[in-house]
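Visitor:
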Amino acid sequence: MKIEIDIDEKYPDTEVTIRANKLDSDVERLVAMMRMVNMQIGVRKNDETYLLDVEKILYIEAVDRKTFIYTAKDTYESDLKLYEIEQELLERDFFRISKQSIVNIRMIKSLKSDINRKIRITLKNDEQIVVSRLYSDELRRKLGLK
Amino acid sequence: MEEKKTIFNYISQIFATYGIIVLIFIVFSIVIGDVAKGYSSLFVMGKAGLSTPILCELLLLAVMITLAQIVFLTDRWIVNMSMIIRNVLLFLAVMVVMVIMIIAFKWFPLDDMTAWIGFIISYVISIIISALVTRLRERTENSKMQEALDKYIRKDNN
């Protein structure tokens, strides 16, 4: 893939043009990652594609090599891998809580210590998810408790 | 990336428990050792301390307590269970182990009802103290975490 960057004051806005001979999965993933810069993520549900505002996401989970995105009302699927989404969203209040999931910190309602020094998270929709032991320490650090 | 516990973690856990048990029994031996000398095998040396066989029996007790903690207080074998039920099962399991050890090692005369009542009362008191300390620690940590989360979200909104 050829990458060309042209920085010049004559351009009023940042513009990205993708030229390809076909719309394959690489191009789709590239587009999805760029959407995240605008706080949106391309997701699928029932064979339809949506642009989802990142702030609406509760948490993201990888199951059987698929990536699922949970909001208060719906579950979507993304073509991006969990680590790719994580790289884009880490600076936007998302935090990895286990090998399989990352959570939107702003969507956490409460935190409770759980067995084995884990943390049980209650989300704003009252769903509960568990932060694994290793990431629990990271979360404590992020919250300024360590 | 989950941090795995090694055999050395369990060994250190056993010896931490063992240290507490021995300390408690040393205090008991200093206080009631001479009185209980001819009565209980635990205090066969009276005020002088604990005998080697008793130290070995207490080590076995520490091993059994650690095993019970691994079974009931981790998700190694039991994944979905509330903390209350886990603690109840832990205390029941440890109590069964202690009764078996009392009988096996004749820590006190088995037909002495007063000794059994004393054992049950002291065990229940220790359970209540332990449950209260655990609950207090949990509540403090939960409230600290909640405060930190609220502060984090507030800071982010500004």
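Each protein sequence line maps, in turn, to chains L and D.
Note that the first sequence covers residues 1 to 146 in our numbering.
Note that the second sequence covers residues 1001 to 1158 in our numbering.
All C-beta atoms in this analysis are idealised placements derived from N, C-alpha and C, irrespective of residue type, glycine included.
#1: Quick one: Cα of Gly1049/D to Cα of Glu1147/D, how far?
#2: Is the beta carbon of Arg120/L closer than 7 Å to that of Lys112/L?
#3: Apply the 10 Å Cβ neighbour rule to Glu48/L and answer buried if 16 or more other Cβ atoms are within range, or exposed otherwise.
#4: May I ask you to report which of helix, strand or coil DSSP gives Met1001/D?
#5: If you reduce the DSSP assignment to three classes, tell me which class Thr122/L lands in.
#6: Between Leu1149/D and Leu143/L, how many whole angstroms is the CB-CB distance? I'm expecting something under 8 Å.
#7: Ser1040/D and Phe1119/D look like a contact to me (Cβ under 8 Å); what is the Cβ gap, rounded to whole Å?
#8: Are the region 7 to 15 of chain L and the region 51 to 66 of chain L in contact at 8 Å, needing three or more beta carbon pairs?
#9: From the beta carbon of Glu1002/D, is the nearest beta carbon of chain L less than 7 Å away?
#10: For Lys146/L, which of helix, strand or coil comes out of DSSP?
#11: So, does the CB of Leu1023/D fall closer than 7 Å to a CB anywhere in chain L?
#12: For Gly1033/D, I'd like the list of residues in its chain whose CB is within less than 6 Å of its CB, leaving aside the five on either flank, ordered along the chain.
#13: Quick one: residues in its chain with C-beta nearer than 6 Å to the C-beta of Glu28/L, no 5 flanking neighbours on either side, listed in chain order?
#14: Give the residues from the region 1118 to 1143 of chain D that approach chain L closer than 8 Å (Cβ to any Cβ), ordered along the chain.
#15: Check each candidate in Gly42/L, Met33/L and Ser98/L and name the one with the smallest Cα separation from Val63/L.
#16: At a Cβ threshold of 7 Å, is Ser110/L touching chain D?
#17: Are the beta-carbon atoms belonging to Glu86/L and Arg44/L less than 7 Å from one another?
#18: From what residue to what residue does the beta strand (DSSP E) around Gln40/L run?
#19: Hey, could you find the ends of the alpha helix (DSSP H) Ile1100/D is sitting in?
#20: Using only the alpha-carbon positions, how far apart do Asp1095/D and Phe1072/D sit?
#21: List the endpoints of the continuous beta strand (DSSP E) containing Arg35/L.
#22: Is there a C-beta anywhere in chain D that falls below 7 Å from the one on Asn116/L?
#23: Quick one: which chain L residues come within Cβ less than 9 Å of Ile1153/D?
#24: Pull the bridge partners of Thr49/L from the DSSP assignment, please.
#25: Over the uninterrupted beta strand (DSSP E) stretch that includes Leu1061/D, give me the two end residues.
#26: Please report how far the alpha carbon of Met1064/D lies from the alpha carbon of Val1097/D, in whole angstroms.
#27: Among Leu134/L, Asn46/L, Asp93/L and Glu61/L, which one has its Cα closest to the Cα of Tyr83/L?
#28: Excluding the five sequence neighbours on either side, which residues of its own chain have a C-beta within less than 6 Å of the C-beta of Asp137/L, listed in chain order?
#29: Please state whether DSSP places Ala1016/D in a helix, a strand or coil.
#30: Kindly indicate if chain L contains any beta-carbon less than 7 Å away from that of Leu1089/D.
#31: Do you know how far the Cα of Thr1140/D is from the Cα of Leu1090/D?
Guide: So, from the data block:
#1: Translated into the one-based positions of the second sequence, residue 1049/D becomes position 49. Translated into the one-based positions of the second sequence, residue 1147/D becomes position 147. Answer to the nearest angstrom: the Cα atoms are 48 Å apart.
#2: Taking the first sequence and counting its residues from 1, the one referred to as residue 112/L is at position 112. Taking the first sequence and counting its residues from 1, the one referred to as residue 120/L is at position 120. In this structure, Arg120/L lies closer than 7 Å to Lys112/L by Cβ.
#3: Working through the first sequence from its first residue, we reach residue 48/L at position 48. Counting Cβ neighbours within 10 Å, Glu48/L comes out exposed, since fewer than 16 surround it.
#4: Within the second sequence, numbered from 1, the residue matching residue 1001/D stands at position 1. Only weak support is given to the placement of Met1001/D: the predicted model assigns it a pLDDT of 42, under 50, and the question is left unresolved by the model.
#5: Taking the first sequence and counting its residues from 1, the one referred to as residue 122/L is at position 122. Thr122/L falls in the strand class under three-state DSSP.
#6: On the second sequence, position 149 is the one that residue 1149/D refers to. On the first sequence, position 143 is the one that residue 143/L refers to. Leu1149/D to Leu143/L, Cβ: 6 Å. Contact.
#7: The sequence position of residue 1040/D within the second sequence is 40, counting from 1. The sequence position of residue 1119/D within the second sequence is 119, counting from 1. Not really, about 11 Å apart at Cβ, beyond 8 Å.
#8: They do not touch, by the three-pair rule.
#9: Locating residue 1002/D in the second sequence gives position 2, where the first residue counts as 1. Below a pLDDT of 50, predicted positions are generally treated as unreliable, and Glu1002/D, at 46, falls in that range; no measurement from the model is reported.
#10: Along the first sequence, one-based indexing puts residue 146/L at 146. Coil, per DSSP.
#11: What you label residue 1023/D is simply residue 23 of the second sequence in a count that begins at 1. So no, Leu1023/D is outside the interface.
#12: Working through the second sequence from its first residue, we reach residue 1033/D at position 33. Phe1043, Gly1046 and Lys1047.
#13: Numbered from its first residue, the first sequence carries residue 28/L at position 28. Same-chain partners within the cutoff: Asp79.
#14: Glu1138, Glu1141 and Asn1142
#15: Counted from its first residue, the first sequence places residue 63/L at position 63. With distances taken between Cα atoms, Val63/L lies closest to Ser98/L.
#16: One-based indexing of the first sequence puts residue 110/L at position 110. It does; some Cβ of chain D falls within 7 Å.
#17: Position 86 of the first sequence, counted from the first residue, corresponds to residue 86/L. Position 44 of the first sequence, counted from the first residue, corresponds to residue 44/L. For Glu86/L and Arg44/L, no; Cβs fall outside 7 Å.
#18: Stepping through the first sequence from its first residue, residue 40/L is reached at position 40. Gln40 to Lys45 is the extent of the beta strand (DSSP E) around Gln40/L.
#19: In the second sequence, counting from the first residue as 1, residue 1100/D sits at position 100. It spans Met1083 to Phe1105 - the alpha helix (DSSP H) in which Ile1100/D sits, taken as one unbroken run.
#20: Working through the second sequence from its first residue, we reach residue 1095/D at position 95. Working through the second sequence from its first residue, we reach residue 1072/D at position 72. Sequence inspection shows Met at residue 1095/D; the Asp mentioned does not correspond to that position. So the two alpha carbons sit approximately 14 Å from each other.
#21: Mapped onto the first sequence, residue 35/L falls at position 35. Here Arg35/L belongs to no beta strand (DSSP E); instead the alpha helix (DSSP H) covers Ser25 to Val37.
#22: Your numbering for residue 116/L matches position 116 in the first sequence. Yes, contact with chain D.
#23: Here residue 1153/D is taken as the residue at index 153 of the second sequence, counted from 1. Ordered by position in chain L, the residues that pass the 9 Å Cβ test against Ile1153/D are Asp93, Ile105, Arg106 and Ile108.
#24: What you label residue 49/L is simply residue 49 of the first sequence in a count that begins at 1. By DSSP's assignment, Thr49/L forms a beta bridge with Arg44/L.
#25: Here residue 1061/D corresponds to residue number 61 of the second sequence, with the count starting at 1. Looking at the DSSP string, Leu1061/D is not in any beta strand (DSSP E); the run it does join, the alpha helix (DSSP H), is Thr1052 to Leu1073.
#26: Numbered from 1 along the second sequence, position 64 holds the residue referred to as residue 1064/D. Numbered from 1 along the second sequence, position 97 holds the residue referred to as residue 1097/D. Between Met1064/D and Val1097/D, the C-alpha separation is close to 7 Å.
#27: Position 83 of the first sequence, counted from the first residue, corresponds to residue 83/L. Here the closest residue by C-alpha is Glu61/L.
#28: Numbered from 1 along the first sequence, position 137 holds the residue referred to as residue 137/L. The beta carbon of Asp137/L sits closer than 6 Å to none of the beta carbons in its chain outside the five residues before and after it.
#29: In the second sequence, counting from the first residue as 1, residue 1016/D sits at position 16. Secondary structure at Ala1016/D: helix, using DSSP grouped into helix, strand and coil.
#30: In the second sequence, the residue the question calls residue 1089/D occupies position 89. Chain L, which has no Cβ nearer than 7 Å to the Cβ of Leu1089/D, makes this no.
#31: Along the second sequence, one-based indexing puts residue 1090/D at 90. Along the second sequence, one-based indexing puts residue 1140/D at 140. The alpha-carbon separation between Leu1090/D and Thr1140/D amounts to approximately 23 Å.
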